[in-house]
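The sequence shown begins at 1 in full-length UniProt numbering and counts up by one.
Since the structure comes first, as structure tokens, the remarks are kept for the end.
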Amino acid sequence: MNDFIAELQKGLQAMTWQEVVAVLFSVLSVIFQKKNNILVYPTGIISTGIYTWLLSREHFKLYADATLNAYYLVMSIYGWIYWSRQGPAKPEVKISRSSPRELATAIFIALAGWATFYLLLVNFSDSNVPVMDSFISATACGGMWLLAKRKVETWILLNISNFVAVPLLFYKHLYPTALLTIFLFIIAIFGYRSWRKAVLQQETSHS
């Protein structure tokens, strides 16, 4: 335990200002996500932009995770536009359950992404954790696709990714980011409950 605390203190002391900013905006982003607030996207864009650069550095070699953050960046821009739709012709997108087709698409994105990321890491990088790195990134990709469409199930896929990411981040000595991911995991549980409650209320009001 003392070794862990010592390593955590060492990691906190070694944090760059870029990682501090990325962590802070990640926290803000997930809080806005739980509140179903469109500010989830601009805060997420800042965080993912920094993490894309940070995780691709030779010191960490989390290339799939860096690619994931680049994907987050693109999906955040798409989601920002998608969530902003208003007016009679383009009604605001509400929280809803995934249809079987949407859920199948998200699972396909996760499985295909896992295989693709793994092959790329094994053949074109010096990653020493290709299986976990590719799985974390792929499941998060599926979850992010559902988030852009405001689907309740986004929280499930994102938390699968978070659960696997925590031990990997500790292994890579990214202690502040590992603690952030634990925080995100907890928030995601409440986020799922909050979104599910909102969907049930919508369904009750329309019945």
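Quick reminder that beta carbons are idealized off the backbone N, C-alpha and C, glycines included.
Quick caveat: nothing in here was measured; it's all calculated off a predicted structure.
Does DSSP put residue 161 in a helix, in a strand, or in coil?
helix
Only counting the same chain, and skipping five residues up and downstream in sequence, which positions put a Cβ closer than 7 Å to that of residue 178?
166, 169 and 170
Taking the alpha-carbon positions, what's the residue 135 to residue 156 distance?
14 Å
Using the three-state DSSP reduction, which class does residue 96 fall into: helix, strand or coil?
strand
Taking contact to mean at least 3 C-beta pairs separated by less than 8 Å, is the stretch 136-143 in contact with the stretch 102-119?
yes
What residue range is occupied by the uninterrupted alpha helix (DSSP H) comprising residue 193?
175-205
Which residues mark the beginning and the end of the alpha helix (DSSP H) in which residue 65 is found?
63-83
Please classify residue 54 as buried or exposed, where buried requires at least 16 other C-beta atoms within 10 Å of its C-beta.
buried
Looking at residue 22: is its Cβ nearer than 8 Å to the Cβ of residue 50?
yes
How far does the alpha helix (DSSP H) with residue 225 in it extend, from its first residue to its last?
This structure does not reach residue 225, given that the chain is present from 1 up to 207, and the question cannot be answered.
is_contact[residue 175, chain B] using C-beta, thresh 8 Å
Of the chains in the structure shown, none is chain B; there is only one protein chain.
Among the candidates 100, 107, 151 and 183, whose CA atom is the shortest distance from the CA of residue 29?
183
Residue 16 to residue 173, Cα distance in whole Å?
14 Å
What does a CB cutoff of less than 7 Å around residue 154 pick up in its chain, not counting 5 residues either side in sequence?
143, 146 and 147
Assign residue 149 to one of two classes, buried (16 or more other C-beta atoms within 10 Å of its C-beta) or exposed (fewer than that).
buried
If we ignore side chains and look at the alpha-carbon of each, how far apart do residue 73 and residue 27 end up?
16 Å
Of all the options 64, 152 and 105, which has the alpha carbon lying nearest to the alpha carbon of residue 122?
64
Contact under 8 Å by Cβ, residue 188 with residue 95
no
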